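Trainee: Protein chains in written order, with my numbering: chain A, 8 to 337; chain B, 8 to 337.
Could you have a look at this structure, given as structure tokens, before my questions?
There are 2 protein chains.
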Amino acid sequence: MSTIKEVAKRAGVSVGTVSKVINNIEVKPKTKQAVELAIKELNYQPNVYARGLKVNRTQTVALILPTVWHPFFGELAYNIEKCLRKQQYKMILCNSEGDYLTELAYITMAKQNQVDGIIAITYSDIEAYVSSNLPIISIDRFFNDQVPYVSSDNFLGGELAAKGLDQAGCQSLCFIGGGSKKENTTRNRRKGFINYCEKNQKNYEIFDLTGKSDNFNQKMEQFLREKVIEKREIDGIFAVTDAYALQIIHFLEQFNIHIPEEVQVIGFDGVKSSLNDQIEISTIRQPIEKIAKESVKGIIALIDGQVVSPEMILPVKFIQGKTTKITKNS
Amino acid sequence: MSTIKEVAKRAGVSVGTVSKVINNIEVKPKTKQAVELAIKELNYQPNVYARGLKVNRTQTVALILPTVWHPFFGELAYNIEKCLRKQQYKMILCNSEGDYLTELAYITMAKQNQVDGIIAITYSDIEAYVSSNLPIISIDRFFNDQVPYVSSDNFLGGELAAKGLDQAGCQSLCFIGGGSKKENTTRNRRKGFINYCEKNQKNYEIFDLTGKSDNFNQKMEQFLREKVIEKREIDGIFAVTDAYALQIIHFLEQFNIHIPEEVQVIGFDGVKSSLNDQIEISTIRQPIEKIAKESVKGIIALIDGQVVSPEMILPVKFIQGKTTKITKNS
DNA sequence: TTGTATGCGTTATCAC
DNA sequence: GTGATAACGCATACAA
């Protein structure tokens, strides 16, 4: 690998001049030409470490997420990398596997100047380690006023789900949720759901097991067995994620419950496992591309020392699938 | 961020001594203690750029693949990052989107010392740009003797697929493939399939459209309509990937062909869209974890200047799904 | 407009 | 065993 010195010698100029050419600083056209020729001839590539040491910029952002091996995160990671690349940034991928220590290790790395900033989607308590001098954007989770976050409009999503079931003819709705206490923005899905039901005087039930309980599946199945299969009290289900929705559907189908004829189901996420994949279930789709775009815009603004809006809430959409009846509106 | 100088001053020693402590070089216990205390007090983190500039090592590897937004690549990326992390390496994720120029840009980046090595899964002709002084491991594709590659045993996979169909009672087999000419290791799936059929005197047909043809789907459907739906000449299909298999199954089901009763189908890849996902179709599963492990082992060995075996072929397994009949052997 | 010189934070080679 | 110092490759303030 040739250095700036060698380029300077070959071009018959000084290193300073070469540096100027590289960084697009005014230089006499003729010298510029000579330098560019030398660069080409020597196949010179600036050493990013020397530059990084000097200017303290690496053009690299870390993306911390539970695991890229998940349709939602995969799509998100893909889009974020794409956006970053457009802005000449590289992306270090960090699968935290939801592990607190792994997340911390990555944040430490960030502080060692390995990266200019972090985009994180995490549910552990890394708050104390997130100092305000480290540019960071959070997805789907509120930390504090210092950390801007971008998220889907979960409240609206909950409303849309309830509305979707309502308009498709359901009489008695139900929200099924669970998972970590920390996912405080996804909590709003439930709130939106309830809000719609209250406002429109729809019957509804809530099955929501927060915190980790090993036997969540058992309890949920018991709930379904009683309320849906036996008593037939519920004919519209909003599951907090597509994964839950799928699970519920599989369970009900075992008991010959027809979907959507007898029971209608709406999920949340709208993930596709790849670009060409087709979504089968009715769902509230998160605007993953937009989330990616806003996150990248945010982190770069932060790196550039600009002020960034503390929260960016992005609209969601109802996607008609095969698990709700088709109405005029959908 | 504090520097090594400040640590030295606080500990009452020289920078050289601090450096020794950091790099675990013998130092008097007492001084070591003092230095470590100062490090803690100042919350000192070595600057990786200064170190990188000095030792020309970044502890970073680039992973180039078409898109992480794909179950197979997602799983692969997840596992590779996991392995790299265990070895104290970071991973830069590069979605090339199959684009030649993007791949090139990333290779250029690698040459700028941003990364110590590359793990690539690419189908374009980047051969000329891959100089032997840049550590690189290829997955699924042979470039030349200078570039070690790791791959599934595609030939064995082809044999297993044919054997699976045969033992499940199929009389007349068929291979359906297509895609890029460049995927020369996946070509072996076809070879293995043919090999089994020849050796065991099974009837077989090949439908293989190499190169890109816009109307691949049309032609394939026409083929299926004639051979499977109308003439009923084929009762066992080996599709070169799960994606094709799925497509074929959906198509046949439209014509009320029962699978696996009338026609049996085996795919290739065995991808799950997440850890908890369940595979539904019968398939030949690629050992993604092993591929990840071997790639990482390989790239690190290369970085460390060791010699690496030019090819690593890993065994595949037949996975019984719902699209082939169950036999005693399976 | 261009060249020279200094320093970024670290490691490594010397002396001591 | 420890300290002083040169060097890594580059950007930049300043001198010419």
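Glycine included, each C-beta is placed from N, C-alpha and C at the ideal position.
Predicted model, so just to flag it, every value in this text is computed and none were measured.
Could you round the C-beta distance between B/Ile169 and B/Phe200 to whole angstroms and report it? I think they count as a contact, below 8 Å.
Mentor: The question names Ile, but residue 169 of chain B is Ala in the sequence shown. Right, the Cβ-Cβ distance comes to about 5 Å (below 8 Å), so this counts as a contact.
Trainee: Is B/Leu34 helix, strand or coil by DSSP?
Mentor: Leu is not the amino acid found at residue 34 of chain B; the sequence shown has Val there. Three-state result, B/Val34: coil.
Trainee: Listing by chain order, which chain A residues have their CB less than 9 Å from the CB of B/Ile345?
Mentor: The requested residue 345 of chain B is not part of the displayed model; chain B covers only 8 to 337.
Trainee: Measuring alpha carbon to alpha carbon, tell me which residue in B/Gly185, B/Tyr211, B/Thr330 is nearest B/Asn222.
Mentor: The shortest C-alpha separation from B/Asn222 is found at B/Gly185.
Trainee: Below 7 Å on C-beta distance, what does A/Thr74 contact in chain B?
Mentor: Correct list: Tyr85.
Trainee: Check distances from the C-beta atoms of the region 26-60 of chain B to those of chain A and list, in chain order, the residues that come in under 7 Å.
Mentor: The region 26-60 of chain B vs chain A, Cβ under 7 Å: Gln52, Pro53, Asn54, Val55, Tyr56, Ala57, Gly59, Leu60.
Trainee: Spell out whether any CB of chain B is found under 8 Å from the CB atom of A/Lys224.
Mentor: Going by the sequence as given, residue 224 of chain A is Asn instead of Lys. Not closer than 8 Å to any Cβ of chain B, the Cβ of A/Asn224 fails to qualify, so no.
Trainee: Kindly indicate if chain B contains any beta-carbon less than 8 Å away from that of A/Met227.
Mentor: It does not; no Cβ of chain B falls within 8 Å.
Trainee: Where does the unbroken beta strand (DSSP E) through B/Thr109 begin, and where does it stop?
Mentor: It is not in any beta strand (DSSP E) - B/Thr109 instead sits in the alpha helix (DSSP H) that spans 107-116.
Trainee: Below 8 Å on the Cβ atoms is my contact criterion, and I expect A/Tyr2 with A/Gly165 to pass it. Report the Cβ-Cβ distance as a whole number of Å.
Mentor: Because residue 2 of chain A is not part of the residues shown, which for chain A are 8 to 337, the question remains open.
Trainee: Determine whether the Cβ of A/Gly184 lies closer than 8 Å to any Cβ atom of chain B.
Mentor: With 8 Å as the cut-off, A/Gly184 does not count as an interface residue toward chain B.
Trainee: Run down chain B in chain order and give the residues with a C-beta less than 8 Å from the C-beta of A/Thr193.
Mentor: Simply none; closest approach about 18 Å.
Trainee: Just checking: is the beta-carbon of A/Thr10 within a distance shorter than 8 Å of some beta-carbon in chain B?
Mentor: Taking Cβ atoms only, chain B never reaches closer than 8 Å to A/Thr10, which makes this a no.
Trainee: Among A/Glu228, A/Glu237, A/Glu240, A/Thr10, whose alpha-carbon lies nearest the alpha-carbon of A/Ala252?
Mentor: Of the listed residues, the one whose Cα sits closest to A/Ala252 is A/Glu228.
Trainee: Taking only three categories from DSSP, how would you classify B/Tyr156?
Mentor: B/Tyr156: strand per DSSP, three-state reduction.
Trainee: Which value, in whole angstroms, describes the spacing of the CA atoms of B/Pro317 and A/Lys12?
Mentor: Taking the straight line from one Cα to the other gives about 37 Å.
Trainee: Let me confirm a value: A/Cys90 is counted as buried when at least 16 other C-beta atoms fall within 10 Å, else exposed. Which label applies?
Mentor: With 16 or more Cβ atoms within 10 Å of its Cβ, A/Cys90 is classed as buried.
Trainee: Would you call the region 261-272 of chain A in contact with the region 145-160 of chain A, where contact means no fewer than 3 C-beta pairs closer than 8 Å?
Mentor: No: fewer than three Cβ pairs fall under 8 Å.
Trainee: Could you pull out every unbroken alpha helix (DSSP H) segment of at least 4 residues lying fully inside the region 33-68 of chain A, listed in chain order?
Mentor: Complete alpha helix (DSSP H) runs here, min 4: 36-49, 55-62.
Trainee: Nearest chain B C-beta to A/Gln94 closer than 8 Å, yes or no?
Mentor: It does not; no Cβ of chain B falls within 8 Å.
Trainee: Excluding the five sequence neighbours on either side, which residues of its own chain have a C-beta within less than 7 Å of the C-beta of B/Leu231, listed in chain order?
Mentor: Counting only Cβ-Cβ distances below 7 Å, and skipping sequence neighbours, we find Ile255, Phe258, Leu259.
Trainee: Could you check whether A/Arg292 and A/Ile326 sit closer than 8 Å to each other, using their CB atoms as the reference points?
Mentor: Cβ atoms of A/Ile326 and A/Arg292: closer than 8 Å.
Trainee: Near A/Leu83, which residues of its chain fall below 8 Å by C-beta distance, leaving aside the five closest residues on each side in sequence?
Mentor: The answer, listed in chain order, is Leu72, Ile128, Ile146, Ile295, Ile298, Ala299.
Trainee: Alpha carbon to alpha carbon, how far is A/Ser159 from A/Ile133?
Mentor: Each residue's Cα considered, the two are about 22 Å apart.
Trainee: When the distance is taken between beta carbons, is A/Gly124 closer than 8 Å to A/Ser68?
Mentor: The sequence as given places Val at residue 68 of chain A; Ser does not occur at that position. In this structure, A/Gly124 lies closer than 8 Å to A/Val68 by Cβ.
Trainee: Taking 8 Å as the cut-off, decide whether the C-beta atoms of B/Gly243 and B/Cys177 are in contact.
Mentor: Closer than 8 Å, so yes.
Trainee: May I have the straight-line CA-CA distance separating B/Asp215 from B/Glu269, to the nearest angstrom?
Mentor: Each residue's alpha carbon lies about 23 Å from the other.
Trainee: Using the Cα positions of B/Leu321 and B/Val157, report the straight-line distance between them to the nearest angstrom.
Mentor: Distance between the alpha carbons of B/Leu321 and B/Val157: 8 Å.
Trainee: Against chain A, with Cβ distances strictly below 8 Å, would B/Ile121 count as a contact?
Mentor: The residue you asked about is not Ile; residue 121 of chain B is Gln in the sequence shown. By this cut-off, B/Gln121 is an interface position.
Trainee: Could you pull out every residue in the same chain whose Cβ sits closer than 7 Å to the Cβ of B/Cys204, ignoring the five residues on either side in sequence?
Mentor: Hits under 7 Å: Ala169, Leu180, Tyr211.
Trainee: Using a Cβ cut-off of 8 Å (strictly closer), state whether B/Thr115 contacts chain A.
Mentor: It does: the Cβ of B/Thr115 has a partner Cβ on chain A nearer than 8 Å.
Trainee: At a CB-CB cut-off below 7 Å, which residues of chain A make contact with B/Gly81?
Mentor: Under the 7 Å cutoff, chain A gives Val75, Trp76, Gly81.
Trainee: By the three-class DSSP mapping on this structure, what secondary structure does B/Gly23 have?
Mentor: Residue state, collapsed to three classes: helix.
Trainee: Do we get a CB-CB distance below 8 Å when we pair A/Glu212 with the residues of chain B?
Mentor: By this cut-off, A/Glu212 is not an interface position.
Trainee: Kindly list, in the order they appear in chain A, the residues whose Cβ is closer than 7 Å to that of B/Lys300.
Mentor: In chain order: nothing, as chain A lies at least about 15 Å away.
Trainee: Using a beta-carbon distance below 8 Å, is B/Lys297 in contact with chain A?
Mentor: Answer no: the Cβ-Cβ gap between B/Lys297 and chain A never drops below 8 Å.
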